[in-house]
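Each residue of the sequence shown is one higher than the one before, starting from 1 at the first, in the UniProt record's numbering. Backbone N, C-alpha and C define an ideal beta-carbon position, used for all residues, glycine too. Reviewing the structure listed below.
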Amino acid sequence: MTAPRPRAGLRERKKERTRQAIRAAAYRLFAEHGYDATRVDEIAEAAQVSPSTVFRYFPTKEDIVLRDEKDDLLETALRARPAHEPPLTALRAAVRDVAAELYATPEAAALARRRMLLVTTVPAVRARLESSLADSGRRLATTLADRTGRSPDDLELRVFVAAILAALRESLLHWVTHDHPTPLPALIDRALTTLDTGLR
1 MTAPRPRAGL RERKKERTRQ AIRAAAYRLF AEHGYDATRV DEIAEAAQVS
51 PSTVFRYFPT KEDIVLRDEK DDLLETALRA RPAHEPPLTA LRAAVRDVAA
101 ELYATPEAAA LARRRMLLVT TVPAVRARLE SSLADSGRRL ATTLADRTGR
151 SPDDLELRVF VAAILAALRE SLLHWVTHDH PTPLPALIDR ALTTLDTGLR
């Protein structure tokens, strides 16, 4: 299990409240008017902040949907795994812990569904997701390179990382497009099992 994170200071808690207010306002406006018809200045007004504040937290409108202040949780959890564990074993455990934390509440799961619905229906959000996954892949490759002694540019390592990211993406898409009753962490673990055992 990952170690509990220290309680955030006052400044970080205020920043988190601002992020949540912007995101909540955006999702409400997206539901009312549609993603494309919603302007950033309207999101700012609804969240009671300035447009420049929105852009400080989220450089693009797509980032309101996709950007997460917890983006580094997976790398942190993976680095905390015992060094002797095989890469896939360590990664499965890290993903399981992080997913359980991120989607532990009904509210978090509902937000994930709204996010992935936008990914499936808005081309700009889907394109931004692919860019974000590329960034995540580079960070994950660096973490795995440190664990395995390989270069981040090693072909086998890059193939492994690409397969992991594809498994995570397809788990999320399958979960939302099929309105899957299985909790998302269990569905992700099932996808990673497929990488371990193959199709049978």
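When the distance is taken between beta carbons, is S136 closer than 8 Å to L165?
yes
C-alpha distance - E12 paired with Q20, whole-angstrom precision:
12 Å
Of the choices L111, P123, R81, M116, whose alpha-carbon is the least far from that of D36?
P123
Just to confirm the assignment, what range does the alpha helix (DSSP H) spanning S151 have?
Segment: none, S151 is in no alpha helix (DSSP H) and carries neither H nor E.
Nearest CA to the CA of S131: which residue from L66, A26, R17, A44?
L66
Which stretch, first to last residue, makes up the alpha helix (DSSP H) that contains residue 207?
Because the chain here runs from 1 to 200, residue 207 falls outside it and cannot be looked at.
Give me, in chain order, the residues of the same chain whose beta-carbon lies closer than 6 Å to that of F58; leave out the 5 immediate sequence neighbours on both sides.
I64, R67
Proximity to V125 [Cα-Cα], best of V54, K61, R39
K61
Of the choices A77, G9, V119, whose alpha-carbon is the least far from that of L140?
A77
Label R56 either buried or exposed according to how many other C-beta atoms from any shown protein chain fall within 10 Å of its C-beta, with 16 as the threshold for buried.
exposed
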